[in-house]
Every structure is written in C-alpha cells, then in structure tokens.
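To convert, note that position 53 of the sequence shown is 53 in the UniProt record's numbering; the numbers rise steadily by one, no gaps. All residues carry an ideal CB built from backbone N, CA and C; glycine is no exception. What follows is one structure encoded as structure tokens, with my remarks underneath.
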Amino acid sequence: MPISWPSCLCLSENCVVFWLRGSRLSMSSYMNYVADGFDTKVAKADKLATIAKEIGCTLAQLAIAWCVSNEHVSTVILGASSVAQLDENLDSLNFVDKLTPEIRARIDEIADVRLSIPVPKARLLAMREQWL
C-alpha cells in the first residue's frame, strides 16, 4: 500500500499522534483515541498538511521533524509497518532545517500543543548534585 496523507491528527495533553490511512491506527479498535473532537482534529491536520506541502514533505515527516527540532522533546520514537514507511520516517531529518521560527510558530498555533520540561523538585536536585 503506498504511503498517503494522514487521515487525522490526535492531540492530547502532551502527545501528538499522526497516523496514515491503512496503518494500525486507522483500525476501528483505535477510534476511541480520537472519538472526542474528531472533526476539529481533522481540520487541524488539513491545516498542517498545507504547511507540509509548502516545505515539500508529508504530514508524517512534518510531525517527526517538529519533534526532532523541539527543545522540549528528548527522544523521538518511530514506528513503521514497512520498509517504505521507515524510509519516509527517516527522511524527516532532511526537513528539520526547513522548520524556520515562522513555520514553527504556525505549526504551534494550529496544533495548540505546549510542551515543557517539568522542573525537578528541590529534593531531586539536591540528590543529583550529591550523586551525579
């Protein structure tokens, strides 16, 4: 099956999930993850797809590039159900430099996701200073 544009964007408090038509996440058993506000999420995905097209990548590549370039994301975990999907995911690295501050601001405004690194409690900081 050829890779196509994602069918939706699912947003939760600290998570952005994109999935492709025909992937595991497009199965009905996963629909409980997106049932609430589905139309709003699809509209956001359509707006983000416009940005992806502007910089010459797929929406999935835009999402991965956004994660890689975000200072509040420490690790990007990729999943792929085919070699072609893995290749597309890895090709996302070619688009990280295209995410200018202006494009990132547009993405952040559309997605409305605010990531931050939690501030460790004082006790944890003291332990780190003592033992690390």
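By Cβ distance below 6 Å, which residues in the same chain neighbour residue i in space, the five residues on each side in sequence not counted?
i, result
"leucine 62", "Ala52"
"valine 76", "Cys67, Val68"
"cysteine 57", "Phe95"
"alanine 122", "none"
Which value, in whole angstroms, describes the spacing of the CA atoms of residue i and residue j?
i, j, result
"leucine 86", "serine 92", "10 Å"
"asparagine 89", "serine 116", "24 Å"
"serine 7", "alanine 49", "The predicted model places serine 7 with a pLDDT of 39, which falls under 50 and marks its position as unreliable; any figure quoted below should be read in that light. Computed Cα separation, rounded: 11 Å."
"alanine 65", "valine 113", "15 Å"
"aspartate 39", "leucine 99", "26 Å"
Would you identify the three-state DSSP class for residue i, choosing helix, strand or coil?
i, result
"valine 83", "helix"
"valine 113", "coil"
"asparagine 94", "helix"
"threonine 50", "helix"
"isoleucine 77", "coil"
In the DSSP assignment, find the alpha helix (DSSP H) that holds residue i and state where it starts and stops.
i, result
"cysteine 67", "59-69"
"leucine 125", "122-131"
Closer than 8 Å by C-beta to residue i: which residues in its own chain qualify, once you throw out the five before and the five after it? Chain order, please.
i, result
"lysine 47", "Ile110"
Please tell me whether residue i has its Cβ less than 8 Å away from any Cβ of chain C.
i, result
"leucine 125", "No chain C is present in this structure, which holds just one protein chain."
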